[in-house]
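Heads up: the sequence shown runs through residues 5 to 453, numbered per the working numbering. Quick notes on the structure that follows.
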Amino acid sequence: MRNQDLVDRDLSVLWHPCTQMKDHEWLPLVPIKRGQGVWLEDYEGNRYIDAISSWWVNLFGHANPRINQAVKDQLDTLEHVILAGFSHEPVVELSERLVELTPPGLQRCFYADNGSSAVEVALKMSYHYWRNQGRPAKHKFITLSNSYHGETLGTLGVGDVALYKETYKPLLMEAITVPSPDAWQREAGESWEDCAERAFLAMERALEQHAHEAAAVIVEPLVQCATGMRMYHPIYLKRLRDACDRHGVHLIADEIAVGFGRTGTLFACEQAGITPDFMCLSKGLTGGYLPLAVVMTTEAMYQAFYDDYASLRAFLHSHSYTGNPLACRTALATLDIFKQDNVIARNRRLAEKMAEVAAPLADHPHVGEVRQTGMILAIEMVKDKAARAPFPWQERRGLKVYQHALRNRALLRPLGNVVYFMPPYVITEEEIEHLGRVAAEGIDLAVRD
Ligand SMILES: *Cc1c(COP(=O)(O)O)cnc(C)c1O
Numbered sequence: 005m006r007n008q009d010l011v012d013r014d015l016s017v018l019w020h021p022c023t024q025m026k027d028h029e030w031l032p033l034v035p036i037k038r039g040q041g042v043w044l045e046d047y048e049g050n051r052y053i054d055a056i057s058s059w060w061v062n063l064f065g066h067a068n069p070r071i072n073q074a075v076k077d078q079l080d081t082l083e084h085v086i087l088a089g090f091s092h093e094p095v096v097e098l099s100e101r102l103v104e105l106t107p108p109g110l111q112r113c114f115y116a117d118n119g120s121s122a123v124e125v126a127l128k129m130s131y132h133y134w135r136n137q138g139r140p141a142k143h144k145f146i147t148l149s150n151s152y153h154g155e156t157l158g159t160l161g162v163g164d165v166a167l168y169k170e171t172y173k174p175l176l177m178e179a180i181t182v183p184s185p186d187a188w189q190r191e192a193g194e195s196w197e198d199c200a201e202r203a204f205l206a207m208e209r210a211l212e213q214h215a216h217e218a219a220a221v222i223v224e225p226l227v228q229c230a231t232g233m234r235m236y237h238p239i240y241l242k243r244l245r246d247a248c249d250r251h252g253v254h255l256i257a258d259e260i261a262v263g264f265g266r267t268g269t270l271f272a273c274e275q276a277g278i279t280p281d282f283m284c285l286s287k288g289l290t291g292g293y294l295p296l297a298v299v300m301t302t303e304a305m306y307q308a309f310y311d312d313y314a315s316l317r318a319f320l321h322s323h324s325y326t327g328n329p330l331a332c333r334t335a336l337a338t339l340d341i342f343k344q345d346n347v348i349a350r351n352r353r354l355a356e357k358m359a360e361v362a363a364p365l366a367d368h369p370h371v372g373e374v375r376q377t378g379m380i381l382a383i384e385m386v387k388d389k390a391a392r393a394p395f396p397w398q399e400r401r402g403l404k405v406y407q408h409a410l411r412n413r414a415l416l417r418p419l420g421n422v423v424y425f426m427p428p429y430v431i432t433e434e435e436i437e438h439l440g441r442v443a444a445e446g447i448d449l450a451v452r453d
């Protein structure tokens with residue numbers, strides 16, 4: 005089979021995610037035959053470094069032998085069973101491990117089967133908690149500008165990506181949106197920390213004003229990935245935890261993208277030394293193999309729902325594939341690799357290498373900034389460097405980088421004007437050097453008029 009054969013069949017029956025399908029009249033779809041480590045290979049033997057971890061999910065490479073073995077073993081034992089009224093070993097073992105690994109105080113695991121659903125669970129649980137406490141007026145959510153929490157109606161409502169949200173506005177609940185501590189928006193001479201402290205003042209005011217009606221604040225700790233890898237100083241999370249406690253508002257940490265080592269620690273919240281009331285995990289949870297998500301919460305939260313059935317205080321929420329055994333076994337194999345290979349420590353060298361290859365780009369006349377948090381590195385292309393003015397989105401400069409990278413054995417998928425690396429942790433230093441070269445050439449091409 006040739007690439008084109010599969011592409012033709014695909015385009016006659018599929019409708020792809022997050023895609024204007026008409027683009028594929030001129031932008032070739034890439035059919036992948038197999039994956040091995042960081043490499044993806046098409047039907048004609050062309051190979052691509054998966055620099056974006058297949059949408060931020062893959063941690064230890066494609067077709068990882070250790071994870072493959074775990075899936076195979078589980079497959080012959082139990083592929084799936086209902087989780088209401090029933091239980092199984094992988095889900096119990098995974099929950100024990102997660103309770104141990106996540107910040108202290110997160111002691112209960114509620115499963116879902118994708119990130120958006122996990123966020124929905126946290127939102128519903130938070131509101132329901134207050135309702136069970138006799139405070140049904142606390143039904144609003146506070147969110148940050150430029151935040152992203154998923155694509156379902158509930159999660160779009162607490163997100164702030166105009167491109168995804170504007171069309172559906174009449175269908176969405178209205179959140180209270182507070183300016184992001186995003187360090188890209190810092191003032192001249194301001195440090196990341198000062199920028200976060202300044203942004204926090206607006207959050208403090210919002211909490212003062214809305215605590216009586218707010219159930220929770222929801223944030224993506226340290227990196228707002230979907231809106232261009234916008235990063236901020238951990239002091240913001242420390243201040244936020246403290247303020248949420250003072251005002252009696254829950255804190256939801258959406259670590260769906262940043263969890264499992266992306267920011268340099270296993271969980272981003274660790275860098276602020278905080279425990280949120282809810283932590284949402286998905287994406288890397290199964291090493292990028294299978295859909296699974298979990299909401300971690302406190303014993304106090306759990307107890308607020310624990311009562312006689314007729315009290316109607318129970319959390320009656322479920323998804324068909326909640327806590328799927330294959331997915332849980334995959335997650336356990338992923339956690340084993342973290343431990344056996346001392347991954348967090350080993351990643352430091354890779355993060356340094358990423359910084360090293362991208363550093364020269366900081367001087368590029370059309371690069372506004374190179375920023376990094378752990379294993380996420382972003383390069384912001386700008387039209388005017390001094391004014392930090394972006395290229396208009398209609399020009400689709402990032403797409404030119406994407407196309408250049410594909411011609412040069414790399415999958416880079418810029419977010420608007422932001423080129424980024426978020427690779428699987430099995431990438432080598434040589435492969436990072438290759439990404440650095442491809443990104444630099446791609447940016448050179450993309451910023452030309
Ligand atoms: C991807 C993502 C989600 C949504 O997860 P899905 O599995 O795609 O529904 C939510 N929050 C953040 C921060 C994400 O990056």
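Idealized CB from N, CA, C, for every residue including glycine. This one's a predicted model, so the numbers in the text were calculated from it and none came from an experiment.
Label residue i either buried or exposed according to how many other C-beta atoms from any shown protein chain fall within 10 Å of its C-beta, with 16 as the threshold for buried.
i, result
"residue 231", "buried"
"residue 287", "buried"
"residue 119", "buried"
"residue 188", "buried"
"residue 76", "exposed"
"residue 9", "exposed"
"residue 311", "exposed"
"residue 222", "buried"
"residue 60", "buried"
"residue 17", "exposed"
"residue 259", "buried"
"residue 42", "buried"
"residue 343", "exposed"
"residue 115", "buried"
"residue 346", "exposed"
"residue 268", "buried"
"residue 435", "buried"
"residue 175", "exposed"
Leaving out the 5 sequence neighbours to the left and right, which residues in its chain are closer than 8 Å to residue i when beta-carbon positions are compared?
i, result
"residue 2", "Residue 2 cannot be examined here, being either before or after the span of the chain that is shown, 5 to 453."
"residue 445", "408, 412"
"residue 367", "none"
Using C-beta distances below 6 Å, list every residue in its chain close to residue i, excluding the 5 sequence neighbours before and after it, in chain order.
i, result
"residue 67", "39, 40"
"residue 257", "225, 273, 280, 283"
"residue 382", "233, 375, 422, 424"
"residue 276", "238, 241, 242"
"residue 95", "327, 332"
"residue 166", "none"
"residue 373", "384"
By alpha-carbon positions, which one of the options ends up nearest to residue i?
i, options, result
"residue 11", "21, 130, 32", "32"
"residue 97", "319, 203, 384, 335", "335"
"residue 331", "350, 290, 355, 300", "290"
"residue 156", "277, 172, 438, 181", "172"
"residue 359", "164, 247, 439, 242", "439"
"residue 220", "125, 255, 16, 85", "255"
"residue 158", "445, 178, 139", "178"
"residue 361", "78, 5, 441, 191", "441"
"residue 426", "133, 393, 351, 122", "351"
"residue 146", "25, 252, 345", "252"
"residue 1", "14, 216, 239, 366", "The requested residue 1 does not occur in the structure, where the chain is confined to residues 5 to 453."
"residue 316", "136, 90, 24, 49", "136"
"residue 326", "431, 295, 15, 308", "295"
"residue 447", "71, 416, 197, 125", "416"
"residue 24", "168, 138, 393", "168"
"residue 5", "90, 49, 409", "49"
"residue 70", "379, 339, 380, 390", "339"
"residue 124", "15, 370, 153", "153"
"residue 88", "26, 324, 208, 144", "324"
Residue i bridges to which residues according to DSSP?
i, result
"residue 1", "Residue 1 lies beyond the range of the chain shown here (5 to 453); nothing can be said about it."
"residue 282", "256, 301"
"residue 223", "257"
"residue 393", "388"
"residue 424", "382"
"residue 483", "The requested residue 483 is not part of the displayed model; the chain covers only 5 to 453."
"residue 60", "Partner(s): none; residue 60 has no beta bridge."
"residue 376", "381"
"residue 145", "220"
"residue 52", "44"
"residue 235", "227"
"residue 493", "This structure leaves residue 493 out entirely; the chain is present only between 5 and 453."
"residue 71", "None; residue 71 has no bridge partner."
"residue 181", "147"
Return the chain-ordered list of same chain residues with a C-beta closer than 7 Å to the C-beta of residue i, the five sequence neighbours on each side being excluded.
i, result
"residue 401", "385, 395, 421, 450, 451"
"residue 82", "92, 329"
"residue 183", "149, 203, 206"
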